[in-house]
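Sequential numbering of the sequence shown, starting at 25, is according to the numbering used here.
The block underneath contains the structure these notes are about, expressed in structure tokens.
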Amino acid sequence: MKHAERFAANLHPQVVAALLALLCFSAYWPVRNFDFVNLDDDLYVYENPHIREGLTLQSVRWAFSADLLFETDNADFWAPVTVLSRLLDVSLFGLWPGGHHLMNVLLHALNTALLFLVLWRLTQARWRSVFVAALFAIHPIHVESVAWVTERKDVLAALFWMLTLHAYLSFCRSPRPSRYALVVVSFALGLMAKPILVTLPAVLLLLDAWPLERLAVQRLKEAQERRQLGRLILEKTPLLILSLASASVTMVSAGRGGSVRSLETVSVTARVCNTGIGYMLYLGNLLWPSDLAVYYPLPNAGVSVVGVAAVIALVVATVLVGWCFFRLPFVTVGWFWFLGVLVPVIGIVQVGEQSMADRFAYLPAIGLYIGIAWTVDHLAGKHNAGGLKAGLVALSSACLVALFVRTTRQIRVWETSETLFRHAVSVTEGNYLAHMNLGVTLAEQGRYGEAVIHHRKAVAARPSYALAHLNLGMALRALDRTDEAIECYRQALVINPTLGTALLNLGAALAEQGERAEAQACFAEASRLAPMNPMPHVRLAFLFLDMGEGEKAQTAISRALERPLPTASAATNLGVALLRLGKTS
Numbered sequence: 025m026k027h028a029e030r031f032a033a034n035l036h037p038q039v040v041a042a043l044l045a046l047l048c049f050s051a052y053w054p055v056r057n058f059d060f061v062n063l064d065d066d067l068y069v070y071e072n073p074h075i076r077e078g079l080t081l082q083s084v085r086w087a088f089s090a091d092l093l094f095e096t097d098n099a100d101f102w103a104p105v106t107v108l109s110r111l112l113d114v115s116l117f118g119l120w121p122g123g124h125h126l127m128n129v130l131l132h133a134l135n136t137a138l139l140f141l142v143l144w145r146l147t148q149a150r151w152r153s154v155f156v157a158a159l160f161a162i163h164p165i166h167v168e169s170v171a172w173v174t175e176r177k178d179v180l181a182a183l184f185w186m187l188t189l190h191a192y193l194s195f196c197r198s199p200r201p202s203r204y205a206l207v208v209v210s211f212a213l214g215l216m217a218k219p220i221l222v223t224l225p226a227v228l229l230l231l232d233a234w235p236l237e238r239l240a241v242q243r244l245k246e247a248q249e250r251r252q253l254g255r256l257i258l259e260k261t262p263l264l265i266l267s268l269a270s271a272s273v274t275m276v277s278a279g280r281g282g283s284v285r286s287l288e289t290v291s292v293t294a295r296v297c298n299t300g301i302g303y304m305l306y307l308g309n310l311l312w313p314s315d316l317a318v319y320y321p322l323p324n325a326g327v328s329v330v331g332v333a334a335v336i337a338l339v340v341a342t343v344l345v346g347w348c349f350f351r352l353p354f355v356t357v358g359w360f361w362f363l364g365v366l367v368p369v370i371g372i373v374q375v376g377e378q379s380m381a382d383r384f385a386y387l388p389a390i391g392l393y394i395g396i397a398w399t400v401d402h403l404a405g406k407h408n409a410g411g412l413k414a415g416l417v418a419l420s421s422a423c424l425v426a427l428f429v430r431t432t433r434q435i436r437v438w439e440t441s442e443t444l445f446r447h448a449v450s451v452t453e454g455n456y457l458a459h460m461n462l463g464v465t466l467a468e469q470g471r472y473g474e475a476v477i478h479h480r481k482a483v484a485a486r487p488s489y490a491l492a493h494l495n496l497g498m499a500l501r502a503l504d505r506t507d508e509a510i511e512c513y514r515q516a517l518v519i520n521p522t523l524g525t526a527l528l529n530l531g532a533a534l535a536e537q538g539e540r541a542e543a544q545a546c547f548a549e550a551s552r553l554a555p556m557n558p559m560p561h562v563r564l565a566f567l568f569l570d571m572g573e574g575e576k577a578q579t580a581i582s583r584a585l586e587r588p589l590p591t592a593s594a595a596t597n598l599g600v601a602l603l604r605l606g607k608t609s
């Protein structure tokens with residue numbers, strides 16, 4: 025360890041930061057040849073009609089209003105800074121996936137360099153700061169955040185997290201209004217990249233206790249120190265107000281979109297148990313990263329012995345770690361950083377149906393890395409035996425090498441949609457989303473028989489999931505098994521009567537069977553549910569053309585032209601309808 029410390033001390037901190045950034049590029053360089061994946065990349069990037077425009081006045085206006093002033097499928101929550109970065113990508117690279125991937129890698133490399141620099145500025149402990157940053161750079165659990173184009177919000181929000189920490193450190197050392205303003209601005213931009221930064225004010229308060237030592241926790245019984253705590257909390261009030269505003273906007277957006285699970289769906293006790301299990305799973309994946317997957321289904325077990333045991337273990341560990349603060353403050357701060365930053369995504373407020381996600385650990389994991397690095401150094405300093413120090417250095421180096429190798433393998437999982445979801449179904453059980461998306465991928469390649477197999481597995485794993493029935497129906501229809509497809513569409517609509525795509529596909533299948541009146545009713549209902557969607561009118565145009573009613577077809581096409589085209593396929597279908605009607609423009 026002494027040799028590593030001496031080596032790091034001989035290098036300028038900016039040089040060390042640059043080397044850590046190069047480490048990121050060396051691990052993630054293969055992503056330049058990777059494709060987009062059909063999990064959210066289509067909605068938020070390559071089939072998003074607003075993003076496809078690149079940077080324009082209209083697209084910038086959309087970036088600041090989507091999911092704030094109106095709900096849209098092309099944005100999962102209000103994140104204008106993230107949307108602007110995607111627009112910039114399209115302006116620079118078009119829809120070349122490699123450019124979008126490399127921008128994620130660049131941001132991850134910057135985050136790694138900034139993490140090292142902020143830890144070095146905070147503690148002057150170069151080797152430990154290098155070790156934490158290296159873990160952050162190459163840990164396999166972070167592959168999802170970097171190799172998935174959709175997760176631009178993770179790496180971009182982390183950039184502003186690091187910049188806020190740097191600005192806060194400058195303010196603490198020389199308090200000035202201009203420096204505090206920089207803290208607020210960088211924090212606000214981070215919230216507009218991803219709301220996960222709502223937890224940052226609490227992390228700043230932790231850093232006030234250690235290593236900044238602006239707060240003497242051991243003297244909190246004294247009135248003077250309690251007043252100091254009050255001043256530190258008051259100091260962060262503007263940040264807390266911004267956090268509250270961001271959380272409110274996000275919850276309204278998520279609730280409006282129907283992704284927040286109610287207490288009737290997931291009870292309070294089930295949430296508590298799932299929270300305990302979730303924390304343990306994150307710990308397990310950080311300490312022993314294996315069987316990482318893009319999606320982990322939420323278990324249906326509810327309250328369980330395992331869940332109760334996990335909660336008890338978590339509480340006991342937290343009490344013990346808190347008790348250790350006076351002797352090992354870095355362990356306490358690191359542990360509470362890990363626990364606290366995970367709170368918004370751990371399942372207390374259940375958004376979506378995943379039990380956990382690797383991407384959620386991107387920022388929380390830093391706390392554990394800090395605790396590990398400083399504990400290893402503490403042990404080496406406590407036991408002066410040279411053999412122990414050499415052993416700890418060798419073990420740390422071996423861990424980094426092993427993580428680097430594991431990360432390069434995990435990165436390859438993200439090469440295509442097929443490799444991604446084949447891996448997910450191989451390392452998880454009952455993963456309905458992975459089976460469904462693998463089925464969609466195979467269907468896009470014309471491998472409909474294989475697609476049907478995976479869609480049936482998705483339906484078996486989650487019979488209440490309407491999209492699984494819908495996609496099974498689409499694959500069956502491609503195999504000319506229209507009667508079976510119609511039954512799938514009907515089942516999807518029983519589960520979710522407002523699923524417009526199911527109505528459109530059911531109408532098209534019924535039209536093939538000669539059930540034109542029922543088909544017309546399906547298209548009319550789809551139009552009622554989504555008045556701005558042109559596709560119901562395009563489908564009606566095809567129906568009227570088949571019936572030889574050109575005037576009605578013309579009316580339907582005119583209505584479709586009054587609405588924005590959501591995808592390239594919608595434009596293609598409209599063009600075919602125009603050609604059939606004898607139009608050229």
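Beta carbons: idealized from backbone N, C-alpha and C, even for Gly.
Beta-carbon spacing of residue i, residue j below 9 angstroms
{"i": "P388", "j": "L352", "result": "no"}
{"i": "R514", "j": "L530", "result": "yes"}
{"i": "T431", "j": "A51", "result": "yes"}
{"i": "V483", "j": "V365", "result": "no"}
{"i": "M304", "j": "A337", "result": "yes"}
{"i": "A565", "j": "A535", "result": "no"}
{"i": "V167", "j": "A191", "result": "no"}
{"i": "V209", "j": "L131", "result": "no"}
{"i": "S169", "j": "D382", "result": "yes"}
{"i": "A485", "j": "P323", "result": "no"}
{"i": "F354", "j": "V241", "result": "no"}
{"i": "A317", "j": "H447", "result": "yes"}
{"i": "G524", "j": "A554", "result": "yes"}
{"i": "A422", "j": "K413", "result": "no"}
{"i": "D91", "j": "A103", "result": "yes"}
{"i": "V156", "j": "C48", "result": "no"}
Per DSSP, cross-strand counterpart(s) of residue i
{"i": "A90", "result": "F94"}
{"i": "Q378", "result": "P321"}
Buried or exposed (CB count within 10 angstroms, at least 16 for buried), residue i
{"i": "G308", "result": "exposed"}
{"i": "P225", "result": "buried"}
{"i": "W120", "result": "exposed"}
{"i": "M460", "result": "buried"}
{"i": "E549", "result": "buried"}
{"i": "S286", "result": "Note that S286 scores 49 on pLDDT, short of 50, meaning its location in the model is unreliable; the coordinates nonetheless yield the value given after this. When all chains shown are included, S286 counts as exposed."}
{"i": "H36", "result": "exposed"}
{"i": "M571", "result": "exposed"}
{"i": "L215", "result": "buried"}
{"i": "A385", "result": "buried"}
{"i": "F94", "result": "exposed"}
{"i": "M25", "result": "Reliability of the predicted coordinates at M25 is poor, the pLDDT of 47 falling under 50, and the value obtained from them is presented with this limitation in mind. So M25 counts as buried."}
{"i": "V292", "result": "exposed"}
{"i": "Q544", "result": "buried"}
{"i": "T136", "result": "buried"}
{"i": "V329", "result": "exposed"}
{"i": "N34", "result": "exposed"}
{"i": "I396", "result": "buried"}
Cβ of residue i within 9 angstroms of any chain D Cβ
{"i": "V339", "result": "In summary, chain D is missing from the structure at hand, where a single protein chain is found."}
Integer-rounded CB distance, given that residue j should sit under 8 angstroms from residue i
{"i": "M556", "j": "L528", "result": "Not confirmed; about 15 angstroms, so no contact."}
{"i": "Q378", "j": "Y306", "result": "Incorrect: roughly 13 angstroms between the Cβ atoms, too far for contact."}
{"i": "I301", "j": "A334", "result": "5 angstroms"}
{"i": "A217", "j": "K177", "result": "6 angstroms"}
{"i": "G78", "j": "L111", "result": "6 angstroms"}
{"i": "V40", "j": "V154", "result": "6 angstroms"}
{"i": "M253", "j": "L239", "result": "A small fix is needed here, since residue 253 is Leu in this sequence, not Met. Correct: roughly 6 angstroms between the Cβ atoms."}
Meets three-Cβ-pair contact criterion under 8 angstroms: the region 254-274 and the region 226-240: yes
Quick test of the definition: if touching needs 3 or more C-beta pairs under 8 angstroms, does the region 165-175 touch the region 59-72? yes
Check whether the region 453-471 touches the region 194-201, taking contact to mean three or more Cβ pairs, one atom from each stretch, closer than 8 angstroms. no
On the three-pair Cβ rule with 8 angstroms, is the region 153-167 touching the region 82-101? no
Could you tell me whether the region 423-437 touches the region 182-189, where touching means 3 or more Cβ pairs closer than 8 angstroms? no
Would you say the region 109-125 touches the region 64-75, given that touching needs at least three Cβ pairs under 8 angstroms? yes
Do three or more CB pairs link the region 475-482 to the region 450-460 at distances below 8 angstroms? yes
Could you check whether the region 339-353 touches the region 502-513, counting it as contact only if at least three pairs of C-beta atoms, one from each stretch, sit closer than 8 angstroms? no
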